[in-house]
Structures are given as C-alpha cells and as structure tokens.
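Everything below concerns the one structure shown next.
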Amino acid sequence: MTGIFGNITAKSSYKWLVYFSVGMAAFVTVSDQTGTTLALPRIGHEFGADIPTVQWLYLVYTLIISALLLPMGKLSDTLGRRRIYILGLTVFSAGAVMAHFGQELHFLLVAKAIQGIGAAMIQANGLALMVEAFPDRQRASAIGLYMAAIGTGAVMGPVIGGLMIDAWGWRSMYLGIAVIGVMEILLSVYVIRDRARSTNQNRESRGIRSFDWIGAALSAGGLSLLLLSLTYSYRLGWTNQLVLTGLSMSLLLLVGFVVRELRCEDPMIDLTLFKIPVFSIGIVARFLAFMSGSPAYFLMPFYLVQILGITESKAALFLVPSAVMMAVASPLSGKLSDKWGTKWLAVIGLLCWTLGVTTFTRLEVSSSPILVSVGMILLGAGNGIFGAPNTTAVMGVAGQHRYGVVSALVNMVRTSGNLSGIAIGTTMVVLTMTSMGFDPDLSGLMSSDVANTFPQERMELMGSFVEGIKRAFTLGACLVGFAAVITIFRPNLSVES
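If you read the sequence shown in the working numbering, its first letter stands for residue 77, the second for the next number, and so on.
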C-alpha cells in the first residue's frame, strides 16, 4: 500500500483510523434506522400514504439487516472482511442516493431495501475489523469504542434527523448519509487492511462454492418471518391467523436451520460454540437486556409528548442523556475490562440496566420528566458498562477465524432483541388499555376540545396507558435482572485468557 494513507497504516495510528471509519459507519447505519422513524409522517404526507404503509420503509430496512447479518458475517470470514465491508459501504450509499431522489413510494421502498443489504454488510464486519486493528490487550477497549458509536447513533439519529428534516425536508437526511458514505468509501479503500485473509487462504480458495446457501436461506427466512410476526402481533393480535401462521413457519425454518448447521461440513455458524458457557450466557444475556430496554426508546416519546404534553424537540432533550452516558461508559468499561476481566463489569452493567428499567415502573400521569431522564441515564450507563466486557468474552472464546460471523451474531442479537422488546412491550400496553375499556389511541389527547369537554375520560385514558408501560417495564426489569443473575455464574475471562 503506497501513498500517505499507506504510510499511516504502517504506524500505530492505524487502529484509530480504522476506528474512525468503522465507528462512523456504525453510527450512520444505526442513525439512519432510527432517524427514518421521524421522517415517516412527512413521507406519508408527500406520497399520500397512511402510516401503516410508510412504516414498511423502517421495517424493510430493519428486517433485511437482521436477516442478512449472519450470511454476510460468514461471507466475510470466507472472502475477506475488507472486501465485504467496502462493498457494503458502496451499496448502502447507493441506496441513500436513490432514497434522496425517489419520486414514488415503491421506489423509496426499494432504496431502503438496498440500504439494508449494505448496512448488513457493514455491521457484520465493523466489530471484527475493530478487534483485528487493536492489539489483543486492548480488545475490550476497541469493542467499547464500537459500542459507543452504535449506542450514540441509535439515540442521536432521531435528534439529528429531526433537525435536518425541520430545516431542509426529509430528503436532506438521505443526502447527508450519501455524502458521508462516499467519504467512508474513500477512507476505507486506502486505510483498511484485511488481516484475516492471510490466515484463511484455504477457506477463501473454496470461496462461494463452500458457502452454506441453504443455511443462509433458512436463517434469513426464519428470522424475517419471526420478527415480522412479532412486529404485527400487537396490531393484529396474537391470535390472528396471519400472526400464528408466520410464527409457525418461522419456527419450522429456524429448526431446519439448526438441523442443517449440525449436519453441514462447513456450517454458517458453529453451533457447538453454544456449549461454551461464556458464549451461550453472553448471547442470552445480551438478548434479554436489549429486549428489556428497547421499549423505553419507543414508548418514552409517547409518554413525554402525549401524557406530559412536552413538545417533540424538548422531549428529545430528556432522551439524549442516554446516548451521552453510553458514549462515556462504553470505552471506559472496555478499558477496565482489559485490566480486570469481563464478568463483574458485565454484571454491574446489567444491574445498572435493571435500575434504569425499574425507574420507568414508577411513572405516573403527573410525574416529572426528570424521572424519565434518570431512567434513560441509568439505561445508557448500563448499556455502556455491559456491552464491551460481554462482547469481549463472547468473541474471545470464538476465535479469530470466526470473528466475522460472531460479530454478525452479536449485532443480530441486538436488532432482534430490540424488535422483540418493542413488540412485546407495545402488546402489553395495548392489552392493558383494552382491558381497562379504552381504545389504544392517544392521538386526540393533545386536543384542547378533548381536554375541556372530557377531562375525566382524558385522565383515565392517560392512566391506562401509563399502567400499560409500567407493566411492560416490570416484565423488562425481571428479564434483565435474570440476565444479571446468569452472568454471575459464568467464568471471569480476561483478554489474555
């Protein structure tokens, strides 16, 4: 590698250039996902589509990422991380350009699907590239920095996206993403090396022919159907025929995937890894934690705006502290994990996460928004403290030759946990409101006519919603508390071990 970037990559600053590239890509792909939710009303108005229709722009992006993470991770282990990562940046940026210029809703849907394919390639490789760029003794620090980028993108996406949408319209958000994407491509081409390829020549020579296409299809189809069924369960009801059919088919496909992987000579993921307590407990704890915390990012905006009557811009200020705490806690926790091991910091993070979720069970119709901020701060701190040591332990026992697929698995667990948590949390709110005799619709609460004409009914409706979120977070606190308990019983691995 020649030129100024070639000289840089030969120096110790290489790891920080990789972090800048990979961290920014993680931030952009996640913030695109969360920022799109704010653009949906404007997009629906422009194209004359209702909210259930435009929500497919968010769903198709999220589902494709979740479905393709494992296959893309396996491909990167086989063909090289750099190759798949840069291709992902190119595909993602092309999708953003298409979204910016899209003049029809179906064209915009295709653009988001293309973005999802690119984002899956990026997220499946980002963590692995980070771990390879940093020395082994700094592995947890590298993971902490990466987790900080993801967490910050998840919370700051709606904030930055909202500002851009208000100032220049929803198309500006995708133009900004495309510009950053092109810059990322140029940086990555000159900076990123693929260290794994030199140790994986035999596997690469087999290339596409050795890839487990059947396993990829079974996992992608099963996971997509499962997450889609969970997403629509609270809208259509758990007893709806479409929901039950989707859940049944997803179960069959996922069972088929497990059988296939156990029999395949070169499986997409080595399921024997789950026999290792550190690996299996780490994955389960991560899933439960994200399932318990994700309803906060979905339900708290409704609580702040519809129940407390705060404007959208002010409501964002009470949610941002979560991102700040995660950005601070993740790299700090990673650095401490490099010295002290991975178990007890992960436990502390989960306990902090539990306190954050428990805080939301104390909400009332007239609570101060400061209480929401306290819960979000604890949630962000817990996420940051837990993420780096837990992921370090999981990747450490997997081995470098599996970094790609395990990196993908870690990200897939996050997205699946988030979607599952939102679906289950929202279902509990809907069931609670329905059982108390109310239609789960808060759209008219801010109307002055409703407030003046039906003050008692309005208070009871708000009370039913608050009771629903309290029940949802009570379940969430139990789930993440259980994750803390099982983590206590796993070995305390250091980076050296």
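Backbone N, C-alpha and C fix where the C-beta goes; we use that ideal spot for every residue, glycine too.
Original post:
Using a Cβ-Cβ cut-off of 6 Å (strictly less than) and excluding sequence neighbours within five positions of arginine 490, which residues of its own chain qualify?
Top reply: Phe366
**OP:** Return the Cβ separation of leucine 301 and methionine 325 in integer angstroms, given the expectation that the two are a contact with Cβ distance under 8 Å.
**Re:** 5 Å
Original post:
Among residues of its own chain, excluding the 5 on either side of valine 136, which ones have a beta-carbon nearer than 8 Å to its beta-carbon?
Top reply: Leu185, Lys188, Ala189, Gly192
Original post:
Using the beta-carbon count (16 or more within 10 Å), is proline 633 buried or exposed?
Top reply: Residue 633 is absent from the model: the chain starts at 77 and stops at 573.
**OP:** Please name the residue, chosen from Ser142, Gly120, Leu145, Leu251, that lies closest to leucine 133 on a Cα-to-Cα basis.
**Re:** Gly120
Original post:
What residues in its chain sit with their C-beta under 7 Å from that of isoleucine 498, if we drop five residues either side in the sequence?
Top reply: Ser370, Pro371, Phe374
Original post:
What is the residue span of the alpha helix (DSSP H) that cysteine 428 lies within?
Top reply: 419 to 435
Original post:
For leucine 395 versus isoleucine 386, is the C-beta distance shorter than 8 Å?
Top reply: no
Subject >> Rounded separation between proline 567 and alanine 469 - CA only >> reply: 9 Å
Original post:
Are the Cβ atoms of valine 106 and isoleucine 256 separated by less than 8 Å?
Top reply: no
Original post:
What span of residues does the alpha helix (DSSP H) with phenylalanine 565 cover, start to end?
Top reply: Segment: none, phenylalanine 565 is in no alpha helix (DSSP H) and carries neither H nor E.
Original post:
What residue does the alpha helix (DSSP H) around arginine 311 start on, and which one ends it?
Top reply: 289 to 312
Subject >> Residue environment, aspartate 153, which counts as buried when at least 16 other CB atoms sit within 10 Å >> reply: buried
Original post:
Should the stretch 421 to 430 be called in touch with the stretch 452 to 465, which here means at least 3 C-beta pairs below 8 Å?
Top reply: yes
Subject >> Cβ separation of isoleucine 160 and leucine 151, assumed to be a contact under 8 Å, to the nearest whole Å >> reply: 6 Å
**OP:** Return yes when the Cβ of leucine 455 is within less than 8 Å of the Cβ of serine 496, no when it is not.
**Re:** no
Original post:
Between which two residues does the alpha helix (DSSP H) containing aspartate 242 stretch?
Top reply: 215 to 244
Original post:
Between the C-alpha atoms of methionine 535 and alanine 484, what's the straight-line distance to the nearest angstrom?
Top reply: 45 Å
Original post:
Among residues of its own chain, excluding the 5 on either side of phenylalanine 123, which ones have a beta-carbon nearer than 6 Å to its beta-carbon?
Top reply: Leu181
**OP:** Rounded to whole angstroms, what's the CA-CA distance from leucine 93 to valine 258? Just pull it up for me.
**Re:** 16 Å
Original post:
For glycine 202, does the three-state DSSP call read helix, strand or coil?
Top reply: helix
Subject >> Contact set for leucine 116: own chain, Cβ-Cβ below 8 Å, skip 5 residues either direction >> reply: Ile127, Val130, Gln131, Leu133, Tyr134
Original post:
Measuring CB to CB, does arginine 158 end up less than 8 Å from isoleucine 241?
Top reply: no
Original post:
Should isoleucine 564 go down as buried or exposed, given a rule of 16 or more other Cβ atoms within 10 Å for buried?
Top reply: exposed
Subject >> 8 Å contact criterion, which valine 441 and isoleucine 383 should meet: CB distance rounded >> reply: 6 Å
Subject >> Rounded separation between glycine 313 and lysine 91 - CA only >> reply: 49 Å
Original post:
Roughly how many whole angstroms lie between the Cα atoms of leucine 347 and leucine 338?
Top reply: 7 Å
Original post:
For arginine 247, which residues of its own chain have a beta-carbon under 6 Å away from its beta-carbon, when the five flanking residues on both sides are left out?
Top reply: His176
**OP:** Would you mind sorting valine 167 into buried or exposed? The rule is 16 or more other CB atoms within 10 Å of its CB.
**Re:** buried
Subject >> Candidates Arg118, Leu421, Glu208, Gln532: closest to glycine 156 by CA position >> reply: Glu208
Original post:
alanine 560: buried (16+ other C-beta within 10 angstroms of its C-beta) or exposed?
Top reply: buried
Original post:
Can we say the stretch 545 to 562 touches the stretch 503 to 518, given the rule of at least three CB pairs closer than 8 Å?
Top reply: yes
Subject >> Nearest-angstrom Cα separation, counted from leucine 393 out to tyrosine 95 >> reply: 28 Å
Original post:
Mind checking whether serine 511 and serine 142 have CB atoms under 8 Å apart?
Top reply: no
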